[in-house]
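Here's the structure we're looking at; comments come further down.
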Amino acid sequence: MKRPLQVALLVLSGLGLLRAALFTDLYLRYVKEGMRPLLIASGVLLLLLGAAEAWPVKPDAEHGDTDRGDTDRGDADHRDADRGDADRGDAEHGDESPTDHTGQAGPGDRADAGPHTGHGHSHAAVPRVAWLLFLPALSLLCYAPPALGAYTAAREAPKAVDRQSRFDPLPVTSPLPLTLSDFTRRVQQDREQAVRGRTVVLTGFVTPGKGRDTWDLTRIILSCCAADAQSVKVRIHGAPSLPPDTWVSVTGTWHPGGTLGTASAPVALDARTVRRISRPANAYRDDLPLVPPR
1 MKRPLQVALL
11 VLSGLGLLRA
21 ALFTDLYLRY
31 VKEGMRPLLI
41 ASGVLLLLLG
51 AAEAWPVKPD
61 AEHGDTDRGD
71 TDRGDADHRD
81 ADRGDADRGD
91 AEHGDESPTD
101 HTGQAGPGDR
111 ADAGPHTGHG
121 HSHAAVPRVA
131 WLLFLPALSL
141 LCYAPPALGA
151 YTAAREAPKA
161 VDRQSRFDPL
171 PVTSPLPLTL
181 SDFTRRVQQD
191 REQAVRGRTV
201 VLTGFVTPGK
211 GRDTWDLTRI
221 ILSCCAADAQ
231 SVKVRIHGAP
241 SLPPDTWVSV
251 TGTWHPGGTL
261 GTASAPVALD
271 ARTVRRISRP
281 ANAYRDDLPL
291 VPPR
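Counted from 1, the sequence shown has number 246 at position 246 by our numbering; the numbering is strictly sequential.
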């Protein structure tokens with residue numbers, strides 16, 4: 001890869017990071033919100049490296065000529081010494097050198113025996129696979145990959161929520177807004193069974209189930225970046241399935257089954273209303289739903 005292309009790759013990568021993290025919210029599709037300063041710093045650093053790589057370098061002519069002169073003189077001394085030794089050897093044995101009378105080297109004494117003779121290094125090219133580095137740089141500038149959604153969530157088991165031994169009393173608000181993680185903990189860990197008979201409202205996106213008209217309300221949560229994403233799901237009953245990745249707000253009550261407050265209780269909701277909502281700016285957080293005023 002030639003130097004101008006290396007500069008272009010550094011600049012494109014830096015601009016892509018700055019576009020995703022500084023001028024838009026695209027970075028939230030791939031990493032947590034706290035990673036934004038690091039992405040901005042990385043983008044600026046790549047631009048600086050590209051500028052430094054593009055800066056013309058002036059050779060030190062005086063230093064270079066001095067070095068070349070010293071090298072030439074050293075080579076000449078070695079050639080003269082070798083020629084003197086050869087002449088003395090020929091004189092002792094009575095042999096006549098092909099250069100004694102003509103002053104020209106014979107066929108076997110050519111100095112340019114090969115195109116790389118005298119070079120201690122090779123001019124190997126950068127592997128062609130290096131060109132693939134342009135793809136992620138261009139994708140950040142032209143077409144940012146979408147956030148994780150139903151395709152990923154449908155192919156993995158739900159995330160195991162943290163254990164909680166003590167639960168505070170639920171507010172008397174109806175419908176009661178809960179996150180998917182809080183609802184899961186209340187259903188399977190709260191021995192007081194505080195969610196029994198309560199109308200709750202949850203938000204997330206639609207993930208199709210394996211059966212007909214079965215679907216899950218889903219949230220994807222990041223620990224650091226999209227590579228360690230895990231999903232939280234609530235099975236929805238009593239409402240037809242919507243297209244995958246549709247963001248909805250679901251109001252309903254806990255779907256009975258097993259023993260509430262233990263692991264045998266299903267994390268499911270009997271839906272009363274399902275309302276489409278806009279995708280939140282940060283879709284990788286299990287936030288409380290916003291209940292519209294009555």
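Quick reminder that beta carbons are idealized off the backbone N, C-alpha and C, glycines included.
Residues near residue i by beta carbon distance below 6 Å, same chain, minus five either side
i, result
"residue 240", "213"
"residue 285", "none"
"residue 218", "153, 204, 205, 207, 231 and 233"
"residue 46", "10, 13 and 14"
"residue 28", "282"
"residue 252", "269, 270, 271 and 272"
"residue 3", "none"
"residue 42", "17"
"residue 144", "26"
"residue 117", "Its pLDDT being 46, under 50, residue 117 is placed unreliably by the model, and nothing is read from it."
"residue 264", "258"
7 Å Cβ cutoff met for residue i and residue j
i, j, result
"residue 180", "residue 248", "no"
"residue 281", "residue 25", "yes"
"residue 175", "residue 201", "yes"
"residue 297", "residue 225", "The question about residue 297 has no answer here: the residues shown for the chain are numbered 1 through 294."
Integer-rounded CB distance, given that residue j should sit under 8 Å from residue i
i, j, result
"residue 140", "residue 16", "3 Å"
"residue 186", "residue 194", "6 Å"
"residue 163", "residue 189", "7 Å"
CA nearest to the CA of residue i, picked from the options
i, options, result
"residue 52", "23, 30 and 7", "7"
"residue 271", "165, 236, 175 and 134", "236"
"residue 262", "165, 38 and 24", "165"
"residue 142", "19, 276 and 269", "19"
"residue 257", "4, 5, 147 and 196", "196"
"residue 128", "151, 167 and 5", "5"
"residue 277", "245, 21, 32 and 149", "245"
"residue 288", "3, 138 and 182", "182"
"residue 242", "216, 133 and 193", "216"
"residue 198", "223, 210 and 169", "169"
"residue 274", "191, 250 and 259", "250"
"residue 34", "167, 223 and 260", "223"
"residue 210", "173, 150, 259 and 161", "150"
Close Cβ partners of residue i (< 7 Å) along its chain, the five nearest in sequence each way excluded
i, result
"residue 159", "221, 230, 231 and 232"
"residue 137", "9, 12, 13 and 16"
"residue 40", "18, 21 and 22"
"residue 148", "220, 226 and 229"
"residue 54", "7"
"residue 133", "9"
"residue 49", "10"
"residue 36", "21 and 27"
Opposing strand residues paired with residue i [DSSP bridges]
i, result
"residue 167", "Paired residue(s): none; residue 167 is not in a bridge."
"residue 271", "252"
"residue 216", "207 and 235"
"residue 230", "221"
"residue 38", "Beta-bridge pairing links residue 38 to no other residue."
"residue 177", "201"
"residue 55", "None; residue 55 has no bridge partner."
"residue 186", "The partner list for residue 186 (beta bridge, DSSP) is empty, contrary to what the question assumes."
"residue 31", "225"
"residue 131", "Beta-bridge pairing links residue 131 to no other residue."
"residue 276", "248"
Own chain residues within Cβ distance below 8 Å of residue i, not counting five before or after
i, result
"residue 255", "235, 237, 266, 268, 269 and 270"
"residue 279", "205 and 247"
"residue 192", "167 and 261"
"residue 146", "29"
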